[in-house]
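Participant: Be aware that the sequence shown starts at 3, since it is given in this note's numbering, and climbs by one per residue. Virtual Cβ for every residue (Gly too), placed ideally from N, Cα, C. Below is a structure I'd like to ask you about.
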Amino acid sequence: MNKIRPLITLLGIMILFQNTVFAEGEWKREIALGYNKSSGNTDKSELSITGAIKREMEHANFGSSADIYYSESNGQMDSQKWTSLTRYAFDFSSEYKWFNSYQMEVTHDRFADIDYRLLPSVGIGYWFSREEDWTWSVEGSAGYEMTKYRSNKDDTNSPVLLGHTYLKKKILENAFISEDFSVIPTLDNTGTRIKSETEFTNPLSKGLDLSIKYIIDHDTEPSAGKEKTDTRFITSLKYSF
């Protein structure tokens, strides 16, 4: 029961704000198909698929996304990883500089020994800038991370803190470069995870962008025989509609 209590709490939060989420704003969708070069626990090239939906309101936003990486060699699977993130955030204070966030992240990484990892969290953040050509926010959250491993390594259930910052800057005429950085230390000294996602986006036509990403995933306490750091370099075409 203790393991699923955070899930029940997050579900209740999502239901509580459901009417707000669907009351206003327009849905935006995007899908990206790309070529992925990875190193670390999986050292090869493969195809990647990314999909996302989001709804932006005057002082709130809701989004859900999924990233999938999969490949085979000689009929044998040699890469299988996917991550999904569902998030709701709303702004508050007189100038709407502060925001609250509620999110659920689910991860599966077969070749890093992760059968699944669940991470519900609740946080508070601050917008330093929200201009079209320059965006910057910082955020601190508390969560509960539940990880089930594929090997005989003991499963872990740990309270965690999450530090997160997001920056996006317009460069050239219409291109953007962004950095999405997170650090997640556990409160029971079972390790720290760090993730950095740097992206360059350049529009090719209406609704179609060229995206180039460099992703670093670092785990200070990986399973036995696994690398601490995975990297991915992804070039993709992203279609928004």
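(1) Would you mind sorting S260 into buried or exposed? The rule is 16 or more other CB atoms within 10 Å of its CB.
(2) Does the separation of the CB atoms of A54 and S67 fall below 8 Å?
(3) To the nearest whole angstrom, what separates the beta carbons of I214 and E201, a pair I think is in contact under 8 Å?
(4) May I have the straight-line CA-CA distance separating K228 from Y118, to the nearest angstrom?
(5) To the nearest angstrom, report how far apart R195 and G145 are at their CA atoms.
(6) Do you know how far the Cα of D115 is from the Cα of I186?
(7) Using alpha carbons as the reference points, say which of D156, R57, T137 lies closest to S180.
(8) Short of 6 Å in beta carbon distance, which residues of its chain neighbour T52, apart from the five on each side in sequence? Order them along the chain.
(9) Can you grab the Cα-Cα spacing for the pair L189 / S160, in whole Å?
(10) Run through the segment 137-195 for me and flag every whole beta strand (DSSP E) of 3 or more residues, listed as ranges in chain order.
(11) So, under 8 Å CB-CB, G36 and I236 are touching, yes? Tell me the CB distance rounded to an integer number of Å.
(12) How should A226 be labelled, buried or exposed, when 16 other C-beta atoms within 10 angstroms of its C-beta is the threshold for buried?
(13) Let's test the definition: count the other Cβ atoms within 10 Å of the Cβ of G142 and tell me whether it reaches 16, buried, or not, exposed.
(14) For the beta strand (DSSP E) that S131 lies in, which residues bound it at each end?
(15) Quick check: S242 and G209, are their CB atoms within less than 8 Å of each other?
(16) Helix or strand or just coil, what does DSSP make of F235?
(17) Quick check on the burial criterion: 16 or more other C-beta atoms within 10 angstroms. Buried or exposed for F178?
(18) Using only the alpha-carbon positions, how far apart do K110 and D157 sit?
(19) Any idea what DSSP makes of F243, helix, strand or coil?
(20) Note down, in chain order, each residue of its chain lying with its Cβ closer than 7 Å to the Cβ of Y216, except the 5 sequence neighbours on either side.
(21) To the nearest angstrom, how far is it from the Cα of W129 to the Cα of E60?
(22) Shortest alpha-carbon distance to G193 belongs to which of E223, S81, Q82, K155?
Facilitator: In short:
(1) Absent from the structure is residue 260, since the part of the chain shown begins at 3 and ends at 243.
(2) A54 is a Cβ neighbour of S67, given a cutoff of 8 Å.
(3) Right, the Cβ-Cβ distance comes to about 7 Å (below 8 Å), so this counts as a contact.
(4) Inter-residue distance for K228 and Y118 is about 16 Å (C-alpha atoms, whole angstroms).
(5) Their backbone Cα atoms lie some 13 Å apart in a straight line.
(6) Roughly 19 Å between the two C-alpha positions.
(7) Looking only at D156, R57, T137, the smallest Cα-Cα distance to S180 is reached by T137.
(8) Cβ neighbours of T52 beyond the five flanking positions: A34, D69.
(9) Straight-line spacing of the CA atoms in L189 and S160 works out to 7 Å.
(10) The qualifying runs are 158-173, 177-187.
(11) Between G36 and I236 a beta carbon distance of about 5 Å is seen, short of the 8 Å cut, so the two are scored as contacting.
(12) A226 is exposed by the Cβ-count criterion.
(13) With fewer than 16 Cβ atoms within 10 Å of its Cβ, G142 is classed as exposed.
(14) Per DSSP, S131 belongs to the beta strand (DSSP E) from 116-133.
(15) Contact flag set, yes.
(16) In the structure shown, F235 sits in a strand (DSSP, three-state: E or B).
(17) Classification for F178: buried.
(18) Lys is not the amino acid found at residue 110; the sequence shown has His there. Their Cα atoms are separated by approximately 14 Å.
(19) Looking at F243 - three-state DSSP - the assignment turns out to be coil, as it is neither helix nor strand.
(20) The residues are T200, F235.
(21) Taking the Cα positions, W129 is about 15 Å away from E60.
(22) It is E223 whose Cα lies nearest to the Cα of G193.
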